[in-house]
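Novice: Heads up: the sequence lines are chains A and B, in that order. If you read the first sequence in the numbering used here, its first letter stands for residue 117, the second for the next number, and so on. If you read the second sequence in the numbering used here, its first letter stands for residue 117, the second for the next number, and so on. The beta-carbon is built from N, C-alpha and C at its ideal position, and this holds for glycine as well. Predicted model only: the values in this text are computed from it and were never measured.
Number of protein chains: 2
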Amino acid sequence: MGANPDFSMKMAELSATSGVSVPTIKLYLREGLLPPGWRTSPNQALYGAPHVQRLRLIRAMRDVAGLPIAAIKTVTSVLDDPTRHVHNALGAVQAAITPVPAAPEAPAVHRAQEAVDTLIARRGWRTEGNPARESVVGALSVIYTLGADNAHSDTLLDVYAEAAERIAAADLAGIAAEPDSDKIVETAVTWTILGDTILTGLRRIAQEDASVRTFGPAS
Amino acid sequence: MGANPDFSMKMAELSATSGVSVPTIKLYLREGLLPPGWRTSPNQALYGAPHVQRLRLIRAMRDVAGLPIAAIKTVTSVLDDPTRHVHNALGAVQAAITPVPAAPEAPAVHRAQEAVDTLIARRGWRTEGNPARESVVGALSVIYTLGADNAHSDTLLDVYAEAAERIAAADLAGIAAEPDSDKIVETAVTWTILGDTILTGLRRIAQEDASVRTFGPAS
């Protein structure tokens, strides 16, 4: 985005348009989250639509997805990498936004690892070194440690995995449907991150409905 | 848990068993996240298995689910409420753990509200004042604002909603299958919170597989 005569906004206007304060914009520029503008003098640069777009994405990652600044920085560096390949870009973004929990007690972890690996094998998923595996193992091992599993838990995991597979197929179809090839990675990143919020949100609304059906409303 | 002769652990032993430091345990006691032990003298109390269990749950909410302390406090207060009703308890927990994003630009929000309400109506979900609706609207409006939607996006939302419905039905069946009625609310809370991590983690692994199929590995 360096030298582009289409850029016509001064810093103050960029701030007003995006709703992000000038000090925050300056921080993002220093940290490399926001690409530089078109420098018109030693003390001034002009910004354009791509900067407004990037600020919106940063704000969404921070406020909607609740990502830490380090994860946001990794995502923007993937977006700004001209050599990026869609599959690798997705992997880098997944690694950045997937928290890897501290390992709880060993027996539960072994049991959870076995359950997750069996699930992956049963579905025939090709995966290698995905940090999300640790994340799932961590959550499941906590469930085992807490004794929150019961006769229905294995079925529940199967339902989750089947749902995840349908969703992922639709996600990738959505990414492949992006007509502007320059935007494929950005679309992939946006849906990967915000899709979590949409999916878990819809799960909660559906849970409310299922809870009324199962337990009835409180008197 | 106040006066229970089954409690036999001093604070130092509770810390060693749970892996949570003594200052942190004292903080949780002061804040009411951890119920008091059985006081044996003005300066000493004894703790038992329920305290170890609670500390594990708190640690999971903090480390695995990344919840802020205020949300954890709401969840533990629901668990400690003897008058709790499963349906209401689920609602209170959902409200505590669902972040409500700041509203982005108006036209995108209206469009997202309409899309979400249409989706809910089409699925026949009974829902009232669920904070997750705002959460989904927020994420979707950011997608619209960023122009990350395309011809496939409405289909994608339908796939998410159908998956959410299957998952929620399985979630509630899992909760109802809990044989110990005293544990129903804790099982519900644990799966609601950690189920997000499991589900989004499985989505990422399935995405990796779908991405290889769609785009092939990078050369």
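1) Buried or exposed: where does Asn159 of chain A fall if 16 or more other Cβ atoms within 10 Å of its Cβ makes it buried?
2) Quick one: what does DSSP say Trp154 of chain A is sitting in, helix, strand or coil?
3) If I follow the unbroken beta strand (DSSP E) through Ala212 of chain A, where does it start and stop?
4) Measuring CB to CB, does Ala284 of chain A end up less than 8 Å from Arg319 of chain B?
5) Between the Cα of Thr261 of chain A and the Cα atoms of A:Arg282, A:Val225 and A:Pro295, which residue gives the shortest distance?
6) Quick check on Leu183 of chain B: does DSSP put it in helix, strand or coil?
7) Just to confirm, are Arg163 of chain A and Gly153 of chain A a CB contact at a threshold of 8 Å?
8) Is it the case that the Cβ atoms of Ser269 of chain A and Leu206 of chain B are separated by a distance below 8 Å?
9) Taking Ile283 of chain B as the query, report the chain A residues whose CB atoms sit under 8 Å from its CB, ordered along the chain.
10) Tell me Met125 of chain A's beta-bridge partners as DSSP assigns them.
11) Please confirm whether Phe123 of chain A has its beta-carbon closer than 8 Å to some beta-carbon of chain B.
12) From which residue to which residue does the alpha helix (DSSP H) around Pro262 of chain B run?
13) State the DSSP-derived secondary structure class of Met117 of chain B, mapped to helix, strand or coil.
14) Mind listing which residues of the stretch 160 to 173 of chain B have their C-beta closer than 8 Å to chain A's C-betas, in chain order?
15) Counting C-beta neighbours from all protein chains within 10 Å, is the total for Gly118 of chain B 16 or more, i.e. buried, or is it exposed?
16) Kindly indicate which three-state DSSP category Val305 of chain B falls into: helix, strand or coil?
17) So is Asp312 of chain A in contact with chain B if we call contact Cβ pairs under 8 Å?
18) For the stretch 166 to 183 of chain A against the stretch 301 to 315 of chain A, are there 3 or more C-beta pairs whose distance is under 8 Å?
19) Rounded C-beta distance between Ser251 of chain A and Gly317 of chain B? I'm assuming under 8 Å.
20) Under a CB-based cut-off of 8 Å, is Asp325 of chain A close to chain B?
21) Report the neighbours of Leu256 of chain A on chain B: residues whose CB is nearer than 8 Å to its CB, in chain order.
22) Pull out every residue of the stretch 197 to 210 of chain A whose Cβ sits closer than 8 Å to any Cβ of chain B, in chain order.
23) Hey, would you say Gln323 of chain A sits closer than 8 Å to Leu288 of chain B, going by beta carbons?
24) Given this structure, state the Cα-to-Cα distance separating Ile69 of chain B from Gln169 of chain A, to the nearest angstrom.
Specialist: Answer, in terms of the structure:
1) exposed
2) strand
3) Premise fails: Ala212 of chain A lies in the alpha helix (DSSP H), Val202 to Ile213, not in any beta strand (DSSP E).
4) yes
5) A:Val225
6) coil
7) In the sequence under discussion, the amino acid at residue 163 of chain A is Tyr, which differs from the Arg named in the question. In contact: Tyr163 of chain A and Gly153 of chain A (Cβ atoms closer than 8 Å).
8) no
9) Val275, Tyr276, Ala279, Arg319 and Ala322
10) A:Tyr163
11) no
12) Here the sequence assigns Leu to residue 262 of chain B, which means Pro is not the residue at that position. Element bounds for Leu262 of chain B: n/a, residue is neither H nor E.
13) Bear in mind that a pLDDT of 45 at Met117 of chain B, under 50, signals an unreliable position, so the model cannot answer this.
14) Gln169, Arg172 and Leu173
15) Low per-residue confidence applies at Gly118 of chain B: pLDDT is 48, beneath 50, and the placement is therefore not dependable, though the value from the model is reported in the following sentence. Exposed: under 16 other Cβ atoms inside 10 Å.
16) helix
17) yes
18) yes
19) 4 Å
20) yes
21) Leu310 and Ile314
22) His201, Val202, His203, Asn204, Leu206, Gly207 and Gln210
23) yes
24) Outside the shown range of chain B, which is 117 to 335, sits residue 69 of chain B, and nothing can be said about it.
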